[in-house]
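See structure below.
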Amino acid sequence: MLNIGIVGVGTVGQSVCQILEDNKDIITARAGVEIVPTLGVVNNLSKKRDVSIKLTDNVDELLNDDSIDMVVELMGGVEDAYNVVKKALKKGKSVVTANKALLAYHRYELQELAGDTAFEYEAAVAGGIPIINALRDGLTANHITSIRGIINGTCNYMLDKMINEGIDYDVILKEAQELGYAEADPTFDVGGFDAAHKLLILASIAYGIDAKPEDILIEGIENISSEDIEFAKEFNYSLKLLGIAKMKGTKVELRVHTVLIPNTEMIAKVDGVMNGVSVIGDKVGETLFYGAGAGGDATASAVIANIIDIARKGKGSPMLGFKKPMEVGLTLAAKDDIETKYYLRMPVIDKSGVLATVSKILGDKNISIKTMLQKTCENNKATLLLSTHTSKESDIKEALKEIENSGVVLSVPVMIRIEE
Ligand SMILES: NC(=O)c1ccc[n+]([C@@H]2O[C@H](COP(=O)([O-])OP(=O)(O)OC[C@H]3O[C@@H](n4cnc5c(N)ncnc54)[C@H](OP(=O)(O)O)[C@@H]3O)[C@@H](O)[C@H]2O)c1
């Protein structure tokens with residue numbers, strides 16, 4: 000018998016309890032032992048919950064119970080969760096968590112602290128998709144050339160509705176909140192931070208890189224306009240919020256932002272709240288993982304897979320995938336050194352010389368234009384839509400500043416990176 004304590008019996012915690020009961024036969028057969036949810040910890044004991052696990056609001060009761068072998072952390076947040084997990088590991092209890100924020104900040108300390116005690120976190124990235132398992136165990140023979148992930152279902156749902164149904168950003172954000180996809184304070188999702196947390200976890204496994212959210216480029220979906228959507232449609236692109244990791248020599252670019260991606264790419268077809276992750280290995284080529292990135296049952300499916308794995312094997316793979324550091328270590332590329340293609344949108348005065356000014360500023364920075372489209376509007380105004388060949392992030396940013404100060408644009412130019 001394996002006794003587990005669950006810290007946080009909310010959406011995911013309740014699903015874990017229910018699935019352990021519903022699928023007890025197959026879970027016991029696969030684990031080789033019966034997994035018993037022994038004690039749950041919550042904030043508010045008077046809240047109604049549809050589970051039979053005994054509950055407490057005192058986490059020490061769980062941590063001090065020597066009959067509990069494993070702590071499943073499903074409370075969320077960073078510092079409180081960190082303290083609970085640290086105490087559990089110090090007491091020699093194995094840990095399973097779904098908490099990406101905790102791992103985005105503390106994964107290396109926790110790996111160190113865990114030592115030979117099992118510590119698993121499959122549900123922390125892309126919910127029910129077994130991407131940690133795939134990257135850490137299934138693809139270990141490869142150098143990982145790139146990872147591109149749709150790893151925030153809220154943003155994907157919103158972009159999908161904006162593009163395919165023409166719904167405005169504010170309207171669809173409200174709908175996403177009502178459906179429970181977006182938090183009451185949606186910044187974490189729409190600002191790209193949630194996707195960044197997940198990307199950092201994947202980057203540790205793929206590249207051994209220890210970076211924090213503050214170290215990488217993070218932009219959200221807030222500035223997408225109907226003109227960008229029209230441009231995307233006209234040139235057969237989809238608009239997606241991607242978490243991107245790319246290995247270039249000994250440098251790794253890590254970034255989260257909206258991209259224009261050709262409709263023909265498989266990952267461009269991941270719609271609605273679904274998640275999708277494309278991983279390219281130098282030997283295996285492209286592998287694509289698709290599924291539910293959130294929701295109680297889908298997330299609990301990944302949590303229970305970790306519990307079963309630990310029940311079967313005790314300590315399994317190294318937590319972040321490396322037994323020892325690589326001899327030639329990879330390092331994080333500076334944000335300004337990122338190189339990609341760009342789409343630029345700028346409202347301009349419709350008069351002669353404007354195009355020449357914009358082209359000269361871009362040309363002076365070695366930015367070469369691939370396509371250009373001018374849409375004439377009322378009152379002598381027009382919108383210039385440009386796409387570039389591969390350019391450097393710092394050059395684009397400097398050029399946009401100069402264009403903004405040149406007097407030919409009516410508001411700050413908008414830039415979206417193109418992923419092809
Ligand atoms: N929901 C998803 O689809 C999903 C997907 C992937 C990963 N995750 C991750 O899974 C974790 C749990 O998410 P969730 O959606 O299940 O959250 P949730 O519904 O808000 O549940 C959180 C639970 O933790 C309890 N709790 C919070 N702070 C506590 C504290 N200081 N002491 C004791 N109990 C505390 C809450 O108690 P009360 O019930 O009494 O308030 C609640 O039972 C998070 O790390 C989240 O990022 C969730």
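In numbering that gives the first Met the number 0, the protein residues as written are 0 to 419.
C-beta atoms are modelled at their ideal positions from N, C-alpha and C, and glycine is treated no differently.
CA-to-CA distance, residue j to residue i, given in whole angstroms
{"i": "S278", "j": "D349", "result": "Note that residue 278 corresponds to Val in the displayed sequence, not to Ser. Their backbone Cα atoms lie some 44 Å apart in a straight line."}
{"i": "L361", "j": "Y341", "result": "12 Å"}
{"i": "E33", "j": "E121", "result": "21 Å"}
{"i": "A175", "j": "Y104", "result": "27 Å"}
{"i": "L88", "j": "D308", "result": "18 Å"}
{"i": "T387", "j": "S367", "result": "6 Å"}
{"i": "P324", "j": "R106", "result": "15 Å"}
{"i": "S316", "j": "T55", "result": "32 Å"}
{"i": "E397", "j": "M246", "result": "25 Å"}
{"i": "Q17", "j": "I25", "result": "14 Å"}
{"i": "N141", "j": "N262", "result": "27 Å"}
{"i": "L61", "j": "V411", "result": "54 Å"}
{"i": "K364", "j": "D270", "result": "37 Å"}
{"i": "V41", "j": "L102", "result": "21 Å"}
{"i": "L172", "j": "I395", "result": "30 Å"}
{"i": "E229", "j": "G31", "result": "56 Å"}
{"i": "N305", "j": "E326", "result": "30 Å"}
{"i": "L399", "j": "K359", "result": "12 Å"}
{"i": "K391", "j": "G352", "result": "26 Å"}
Reduced DSSP secondary structure (H/G/I, E/B, other) of residue i
{"i": "G275", "result": "strand"}
{"i": "L238", "result": "strand"}
{"i": "P185", "result": "coil"}
{"i": "L385", "result": "strand"}
{"i": "Y156", "result": "helix"}
{"i": "I371", "result": "Checking the sequence, you will find Met at residue 371 rather than Ile. If DSSP states are grouped into helix, strand and coil, M371 belongs with the strands."}
{"i": "A244", "result": "strand"}
{"i": "A301", "result": "helix"}
{"i": "M118", "result": "Residue identity check: residue 118 is Phe in the sequence provided, not Met. Here F118 sits in strand by DSSP."}
{"i": "P212", "result": "helix"}
{"i": "M69", "result": "strand"}
{"i": "I348", "result": "strand"}
{"i": "N2", "result": "strand"}
{"i": "H196", "result": "helix"}
{"i": "R48", "result": "coil"}
{"i": "E221", "result": "coil"}
{"i": "Y206", "result": "helix"}
{"i": "H142", "result": "coil"}
{"i": "T10", "result": "helix"}
{"i": "F288", "result": "strand"}
{"i": "M325", "result": "coil"}
{"i": "I34", "result": "strand"}
{"i": "G362", "result": "helix"}
{"i": "Y342", "result": "strand"}
{"i": "K53", "result": "strand"}
Any non-hydrogen atom of ligand 1 closer than 7 Å to residue i Cβ
{"i": "L73", "result": "yes"}
{"i": "A293", "result": "yes"}
{"i": "V11", "result": "yes"}
{"i": "N43", "result": "yes"}
{"i": "V8", "result": "yes"}
{"i": "A97", "result": "yes"}
{"i": "K85", "result": "no"}
{"i": "D49", "result": "no"}
{"i": "S296", "result": "The displayed chain sequence assigns Asp, not Ser, to residue 296. It does not: the Cβ of D296 is nowhere closer than 7 Å to a heavy atom of ligand 1."}
{"i": "K46", "result": "yes"}
{"i": "G242", "result": "no"}
{"i": "G126", "result": "yes"}
{"i": "A122", "result": "yes"}
{"i": "D79", "result": "yes"}
{"i": "V40", "result": "yes"}
{"i": "V58", "result": "yes"}
{"i": "G76", "result": "yes"}
Rounded distance between the beta-carbons of residue j and residue i, thought under 8 Å
{"i": "R135", "j": "I243", "result": "At roughly 19 Å, the Cβ-Cβ gap does not stay under 8 Å, so R135 and I243 are not in contact."}
{"i": "K369", "j": "T382", "result": "With a Cβ gap of about 17 Å, K369 and T382 do not count as contacting."}
{"i": "A297", "j": "G179", "result": "That pair is no contact at about 14 Å."}
{"i": "I260", "j": "S225", "result": "That belief does not hold up - the Cβ atoms of I260 and S225 are roughly 19 Å apart, past 8 Å."}
{"i": "G295", "j": "G152", "result": "Not a contact, Cβ separation roughly 14 Å."}
{"i": "I149", "j": "I204", "result": "Contact flag wrong, Cβ pair sits at about 18 Å."}
{"i": "L240", "j": "N155", "result": "7 Å"}
{"i": "G280", "j": "I266", "result": "With 8 Å as the limit, G280 and I266 do not qualify as a contact, their Cβ atoms being about 16 Å apart."}
{"i": "M74", "j": "V6", "result": "5 Å"}
{"i": "V70", "j": "K46", "result": "About 21 Å separates the two Cβ atoms, so there is no contact after all."}
{"i": "V258", "j": "I128", "result": "Actually they are not in contact, since the Cβ atoms of V258 and I128 sit about 20 Å apart, beyond 8 Å."}
{"i": "T356", "j": "V407", "result": "5 Å"}
{"i": "D115", "j": "K314", "result": "5 Å"}
Would you call the stretch 203-218 and the stretch 250-263 in contact, with 3 or more CB pairs under 8 Å? With a cut-off of 8 Å on Cβ pairs, the stretch 203-218 is in contact with the stretch 250-263, counting three or more such pairs.
Quick one: any contact between the stretch 4-17 and the stretch 44-58, if contact means 3 or more CB pairs under 8 Å? Yes, the stretch 4-17 touches the stretch 44-58.
Do three or more CB pairs link the stretch 217-226 to the stretch 178-195 at distances below 8 Å? Touching, yes.
Indicate whether the contact test is met: 3 or more Cβ pairs, each with one atom in the stretch 35-46 and one in the stretch 2-9, closer than 8 Å. Enough Cβ pairs lie closer than 8 Å, so yes.
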